[in-house]
Amino acid sequence: MPRLTTPLCRLLGVTQPIIQAPISSSPELVAAVSNAGGLGVIQATWLETEELIEVIAGVKRRTDRPFGANFVLSLTKVNGHALIDTALAAGVPVISTFWTDPAPVIERIHGAGALALHTVGSAEEARRVVDMGVDAVVAQGVEAGGHVWGQVGTLVLTPACVDAVPESHVIAAGGIADGRGLAAVLALGAGAAWIGTRFLLAEEHESHPAYREAVMAARETDTVLSTVFDEGWPDAPHRCLRNDTLEAWLAAGRPASGQRPNEGETVAYFATGEAVSRYSMFEPAAGMTGQVTSIAMYAGQGVGLTNQIQPVADIMAEMLADAAAV
Ligand SMILES: Cc1cc2nc3c(=O)[nH]c(=O)nc-3n(C[C@H](O)[C@H](O)[C@H](O)COP(=O)(O)O)c2cc1C
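According to my numbering, the sequence shown is numbered sequentially starting from 541.
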């Protein structure tokens, strides 16, 4: 495998400039990315304390390489910061934060000897959070899948952030789904690519088979940025695959929450039997039953370049070889 080690890689203690975006809490996925030389990142926001401890232990059993944990700061479970303290106490070396100001947590992250990454949507915000003390910024372009903080495309946001924080590190996110995209963001000055959508089809990523099928089939034009799946995380723009819920809402003229078609209807069930409503923020998880493709299927525009299920090691080898060739 070619090595594309950057100064950011050296800071993180990894050999390859690929970071797996926090799309899942699966220790298998996170460890596979770290074992392939990148940085796997645990999606920690929705875990209970005990679950987080177990996931971290699961990652550590599978790899001795660095990995991270990600927290959505605005959501209640993370808001008291106890969950971040749990990750730090368990020895997670990289903490990534998203959605609202990281100032209240930077000191505790550094105090535990970990690195702090924060996701930004503008060059001005990059400057501000680096001045607060974060060690690297994730510049998230509007092409990104999942919740989207900014409104600028990756091609412009990345170099704008690089110029704004020349003494720090920029990680490019949004729309990077193959080696050409990886080469492009390295050329723009990024120290690594932060990749979500492409890893949705990693063999090690557990999700509902119908969601995987939809990701495989989707084209670059098949995602919509909206605030429609808002139960559990209101007023937060997110990019998802078109489905019947989105189509009906768009056809109705994008009505506000409370006035949307089939509001409050249960469309699916978790494996535990718990109901999932049409406008819930949860995506189709493994073991869910019902009309699972009616709920939020998060994906970025890079879904058009994401077409087959592969082991993490193959995804990374292919991306690195293609980027090196470019
Ligand atoms: C299914 C899914 C879940 C995500 N969950 C989170 C999350 O919990 N925290 C976070 O900071 N970003 C989350 N994101 C956004 C990613 O961190 C990242 O910005 C995005 O995936 C990059 O764009 P890409 O999907 O085009 O690769 C999620 C993205 C997806 C696709």
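No residue lacks a Cβ here, since even glycine has one placed at the ideal position from N, Cα and C.
Among the bridge pairs identified by DSSP, Val-634 is matched with Gly-608 and Leu-655. For Phe-607, the CB contacts under 6 Å within the same chain, skipping 5 residues up- and downstream, are Val-570, Ser-574, Gly-580 and Val-599 in chain order. Around Thr-555, the same chain offers Arg-543, Thr-545, Cys-549 and Gly-577 as residues with beta carbons nearer than 7 Å, after the five sequence neighbours per side are excluded.
Secondary structure in the stretch 681 to 763: the alpha helix (DSSP H) runs of 4 residues or longer, each lying completely within the stretch, are 694 to 704, 719 to 727 and 749 to 757 in chain order. DSSP places His-650 within a helical segment (H, G or I) once states are collapsed to three.
Of all C-beta pairs linking the stretch 851 to 859 to the stretch 803 to 816, fewer than three are shorter than 8 Å, placing the two stretches out of contact. Cβ contact annotation for Phe-611 (same chain, cutoff 6 Å, sequence separation greater than five): Ala-584, Thr-585, Val-618, Ile-624 and Thr-637, in chain order.
Between Val-632 and the set Ser-614, Pro-801 and Ala-656, the nearest pair of CA atoms involves Ala-656. Here the alpha carbons of Val-768 and Pro-774 stand approximately 9 Å from one another.
Its chain contains Gln-680, Val-682, Leu-765, Pro-777, His-778 and Arg-779 as the residues whose beta carbon lies nearer than 7 Å to that of Val-688, once the 5 sequence neighbours on both sides are disregarded; these appear in chain order. Shortest Cα-Cα distance from Ile-596 to any of Leu-613, His-621 and Ser-565 involves Ser-565.
Look at the beta carbons and you see the stretch 784 to 800 not touching the stretch 697 to 704: under three pairs across the two are nearer than 8 Å. Between Trp-639 and Ser-662 the beta-carbon gap is near 14 Å, outside 8 Å, which marks them as no contact.
Taken in chain order, the complete beta strand (DSSP E) segments of 3 or more residues contained in the stretch 559 to 610 are 580 to 583.
Boundaries of the alpha helix (DSSP H) harbouring Thr-616: 616 to 619, taken from the DSSP string. Of the candidates Thr-763, Gly-827 and Ser-834, Thr-763 places its Cα closest to the Cα of Gly-844. Out of Met-828, Ala-629, Ile-563 and Ser-820, the CA that lies nearest to the CA of Glu-594 is found in Ala-629. Cβ neighbours of Ala-853 within its own chain (closer than 6 Å, five residues either side excluded): Ala-576.
A distance below 6 Å between beta-carbons, with the five flanking residues on each side excluded, links Thr-829 to the following residues of its chain, in chain order: Tyr-809. Here Asp-862 is near Arg-720, since their CB atoms are less than 8 Å apart.
Distances taken from the Cβ of Tyr-809 to the heavy atoms of ligand 1 include none shorter than 7 Å. In the structure shown, the three-state DSSP call for Val-866 is coil. Residue environment: Gln-848 is assigned as exposed (fewer than 16 neighbouring CB atoms within 10 Å of its CB, all protein chains considered).
As the crow flies, the alpha-carbon of His-745 is around 8 Å from that of Glu-568. Ranking Arg-648, Gly-840, Phe-822 and Gly-620 by CA distance to the CA of Leu-741 puts Gly-840 first.
Going by C-alpha positions, Pro-795 is about 40 Å away from Ala-627. Assignment of Arg-779 by DSSP, reduced to helix, strand and coil, places it in the strand class.
Around the beta carbon of Gly-731, 16 or more other beta carbons lie within 10 angstroms, which makes this residue buried. Taken atom to atom, the span from the alpha-carbon of Thr-659 to that of Gly-553 is near 20 Å.
Taking the CA atoms as reference points, Pro-562 sits about 14 Å from Glu-823. With distances taken between CA atoms, Gly-715 lies nearest to Thr-846 out of Thr-846, Leu-587, Pro-851 and Leu-551.
Under the three-state reduction of DSSP output, Leu-544 falls in the coil class, being neither helix nor strand. In the DSSP secondary-structure assignment, Val-660 is bridged to Ala-679.
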